[in-house]
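Chemist:
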Amino acid sequence: MLANVVVSTLIVCIPSTIVSIIIGVPIGYVLKIKRFKGRKFVLRLVYTLSGLPPVLAGLLVYIILSRRGPLGFLDILFTKWAMVIAQVILIVPIVVLYTLSGLKNVQLVLDNLDYLNVEGKKRYFALIKEYSKELVYATILGLSRSISEVGAVLIVGGNIEGETRILTTAIIYEITKGEFSRALLLGMVLLIISFSFNTILQILQGDIVD
Amino acid sequence: MKKAMVKIVLVSILLTFIFTFSLYSFSKPVKTYKIATTTSIYDSGFLSFVVPEFEKKNNMKLNFISVGSGQAVKIFKNGDADGIIIHEKSFLDDLKKQKLIQGYTPFVSNYFILVGPKSKKNLFKKVKSVQAAFLIIKNKNLKFVSRADNSATYIRELEIWKLAKTKPNFKGYIKSGQGMGMSLNLANEKEAFILTDEATFYKIKDKLDKLDVIYQNPNEEILANTYYFAFSPKKSDLRVFDTFLKSSEFSKLVNSFNQKYFKKEVYRAVK
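Going down the list, the protein sequences come from chains A and B.
In short: position in the first sequence from 1, add 124, done, that's the working numbering.
Anchor point for the second sequence: position 80 equals 62 in the working numbering, and the numbering is continuous, going up by one each time.
(1) In the DSSP assignment, what residue or residues form a beta bridge with Phe213 (chain B)?
(2) Closer than 8 Å is the cut-off here; do at least three beta carbon pairs connect the stretch 221 to 238 of chain B with the stretch 27 to 34 of chain B?
(3) Take the Cβ of Ala127 (chain A) as the centre, count every other Cβ of all protein chains shown within 10 Å, and call the residue buried at 16 or more, exposed below.
(4) Can you tell me whether Val220 (chain A) is buried or exposed, with buried defined as 16 or more other CB within 10 angstroms of its CB?
(5) Considering only the beta carbon of each residue, do Thr328 (chain A) and Val260 (chain A) sit closer than 8 Å?
(6) Which residue comes first and which comes last in the beta strand (DSSP E) that contains Gly98 (chain B)?
(7) Thinking C-beta only, is Thr182 (chain B) closer than 8 Å to Leu166 (chain B)?
(8) Would DSSP call Glu35 (chain B) helix, strand or coil?
(9) Using only CA atoms, which one of A:Glu298, A:Lys156, A:Gly282 lies nearest to Thr223 (chain A)?
(10) Please determine, among B:Glu231, B:Ile66, B:Thr148, the residue with the shortest C-alpha to C-alpha distance to Pro215 (chain B).
(11) Could you check where the beta strand (DSSP E) with Ser128 (chain B) kicks off and where it finishes?
(12) Residue range of the alpha helix (DSSP H) that Leu166 (chain B) falls in?
(13) Can you tell which of B:Asp179, B:Asn170, B:Ile118 has the C-alpha that lies nearest to the C-alpha of Asp188 (chain B)?
(14) I need the DSSP call for Met312 (chain A), collapsed to helix, strand or coil.
(15) Determine, using beta carbons only, whether Ser22 (chain B) comes closer than 8 Å to chain A.
(16) How about Ala115 (chain B) and Leu96 (chain B): are their beta carbons less than 8 Å apart?
(17) Could you tell me if Lys253 (chain B) is buried or exposed, where buried requires 16 or more neighbouring beta carbons within 10 angstroms of its beta carbon?
(18) Keeping to the same chain, check which residues put their C-beta closer than 8 Å to that of Glu231 (chain B); ignore five residues upstream and five downstream.
(19) So the candidates are A:Leu278, A:Thr288, A:Met125, A:Lys228; which of them puts its Cα closest to the Cα of Ser256 (chain A)?
(20) Cutting at 7 Å between CB atoms, please list the residues of its own chain near Glu70 (chain B), excluding the five before and the five after it.
(21) Is it a yes or a no for the stretch 149 to 169 of chain B touching the stretch 115 to 134 of chain B, going by three-plus beta-carbon pairs under 8 Å?
(22) In this structure, what does DSSP give as the bridge partners for Ile17 (chain B)?
(23) Are the beta-carbon atoms of Thr263 (chain A) and Thr203 (chain A) separated by less than 8 Å?
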């Protein structure tokens, strides 16, 4: 029972974070490096979306994925896929913001790359490698948000036992039944997982720096 | 070298997770159906107790989405669930009219009861009907928790107020907007009265130290609480579940559930 909930939690949160990194880091890069019309507007949008209430994200994904919605034919409402989609929507703006703030003194690095004649895609990867330490923070924040999130995943996942019940929604369910001690136990497990994630990522980070 | 190893190990752990995730999502050996259900019969643990037996026998998986009756109907109407379990007949009649279901099966019942603070129990000693009890609560301006959430329990509560020829417009009337379990917790904290189904109340009674049964009467029709199952005609496979709910095997499961959790007859199988 508990093992099942933990596994479900991991297979929702880890892919959501990875997908968010893959989408969010390039967006953050473009916003930092390129100057284009409407950039300020996009920035404002990203700032706003980084504070998007999870229940609103959940509602939007629900409407889109419902049978009557535009993507209803996919038949993925009340599955882990829907939960991952909702979480990606919540995490991408956070990753974009932290990529933006992570790329400090970027002009200096870019000048060096110019000097070394690094062009095109290589430029992007060289820069990302240079800043990978900072980007680990974006990953940590993404993971923390996804693992602690409850509003959106409850709406689009449906809290189905053995399927879409993850630690946070299981806590809600236990509270509903008045099982406060079991809810607390689940909360402890949540904290332990979060702590392990941070430990792993910090080891990775140290590795990169050296 | 050592650090490179750590890195490799960590990356492979990540990849394993992704792999399991894709495997998990793509391999569906058994037919899975989604059933939208009202919170009360789910929170009491009844469905989780009864259904595994059925699933094993029929190589079928039922996923329950537990929400208030109103929301359950919406989910079913949108086609996001294949079946529905609720305890408000009028909702089902509407679904039938719209040809979204062919019929519905009553399969289990219990009673609505009025619970409230132990300390106020003697105020209700001479009460003859549930509406009389409601009137005392209103006239004495006692606290009352209403779910106010378009659930079957809430609809029934409103019917009782109507029967009492009054409206719940008094200061002690608290609208919780939450499920049965949560609302009971709230009533316990606030030492308030609340209309609930027997099963949910008895299942979590040991956590509700301030509350006790104030009024119950199995002969009052307004307090009868029957659960129905219906399914979409497009999902005719679910007829097996319908048949199961009428079987003697099911009645036996109902009895063992009662014995295990209540030590008395709370749920009654409908035949």
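Backbone N, C-alpha and C define an ideal beta-carbon position, used for all residues, glycine too.
Modeler: Walking through what the data contain:
(1) The residue given as residue 213 (chain B) occupies position 231 in the second sequence. For Phe213 (chain B), which the question treats as bridged, DSSP gives the partners B:Gly65.
(2) yes
(3) Translated into positions along the first sequence, residue 127 (chain A) becomes position 3. If you draw a 10 Å sphere on the C-beta of Ala127 (chain A), you find fewer than 16 other C-beta atoms in it, and that means exposed.
(4) Within the first sequence, the letter at position 96 stands for residue 220 (chain A). Buried, by the Cβ-count rule.
(5) Walking along the first sequence from the start, residue 328 (chain A) turns up at place 204. Walking along the first sequence from the start, residue 260 (chain A) turns up at place 136. One detail in the question is off: residue 328 (chain A) reads as Leu in this sequence, not Thr. Yes, they are a contact pair.
(6) Against the second sequence, residue 98 (chain B) aligns to sequence position 116. That run of the beta strand (DSSP E) goes 87 to 99.
(7) What you label residue 166 (chain B) is simply residue 184 of the second sequence in a count that begins at 1. What you label residue 182 (chain B) is simply residue 200 of the second sequence in a count that begins at 1. Yes, the Cβ-Cβ distance between Leu166 (chain B) and Thr182 (chain B) is below 8 Å.
(8) Counting from one through the second sequence, the residue named residue 35 (chain B) turns up at place 53. Glu35 (chain B) falls in the helix class under three-state DSSP.
(9) As a first step, residue 223 (chain A) must be located in the first sequence, where it is residue number 99. For the residues A:Glu298, A:Lys156, A:Gly282, the minimum Cα distance to Thr223 (chain A) belongs to A:Lys156.
(10) In the second sequence, residue 215 (chain B) corresponds to position 233, counting from 1. Looking at the Cα atoms, B:Ile66 is the closest of the given residues.
(11) In the second sequence, residue 128 (chain B) corresponds to position 146, counting from 1. Per DSSP, Ser128 (chain B) belongs to the beta strand (DSSP E) from 126 to 128.
(12) Within the second sequence, residue 166 (chain B) is the residue found at index 184, counting from 1. Following the DSSP letters along the chain, one finds Leu166 (chain B) inside the alpha helix (DSSP H) bounded by residues 162 to 172.
(13) Looking up residue 188 (chain B) in the second sequence gives position 206. Nearest of B:Asp179, B:Asn170, B:Ile118 to Asp188 (chain B), Cα basis: B:Asn170.
(14) If you number the first sequence from 1, residue 312 (chain A) lands on position 188. In this structure, Met312 (chain A) counts as helix in the three-state DSSP scheme.
(15) As a first step, residue 22 (chain B) must be located in the second sequence, where it is residue number 40. Taking Cβ atoms only, chain A never reaches closer than 8 Å to Ser22 (chain B), which makes this a no.
(16) Along the second sequence, read from residue 1 onward, the residue named residue 115 (chain B) stands at position 133. Along the second sequence, read from residue 1 onward, the residue named residue 96 (chain B) stands at position 114. Yes. Within cutoff.
(17) The residue given as residue 253 (chain B) occupies position 271 in the second sequence. So Lys253 (chain B) ends up on the exposed side.
(18) Locating residue 231 (chain B) in the second sequence gives position 249, counting from the first residue. Same-chain partners within the cutoff: Glu35.
(19) Within the first sequence, residue 256 (chain A) is the residue found at index 132, counting from 1. Ser256 (chain A) has its Cα closest to that of A:Lys228, out of A:Leu278, A:Thr288, A:Met125, A:Lys228.
(20) Reading the second sequence from its first residue, position 88 is the one you call residue 70 (chain B). Cβ within range, chain order: Ser51, Ala134, Ile137.
(21) yes
(22) Position 35 of the second sequence, counted from the start, is the residue given in the question as residue 17 (chain B). BP columns for Ile17 (chain B) point to B:Phe46, B:Gly65.
(23) Working through the first sequence from its first residue, we reach residue 263 (chain A) at position 139. Working through the first sequence from its first residue, we reach residue 203 (chain A) at position 79. No. Outside cutoff.
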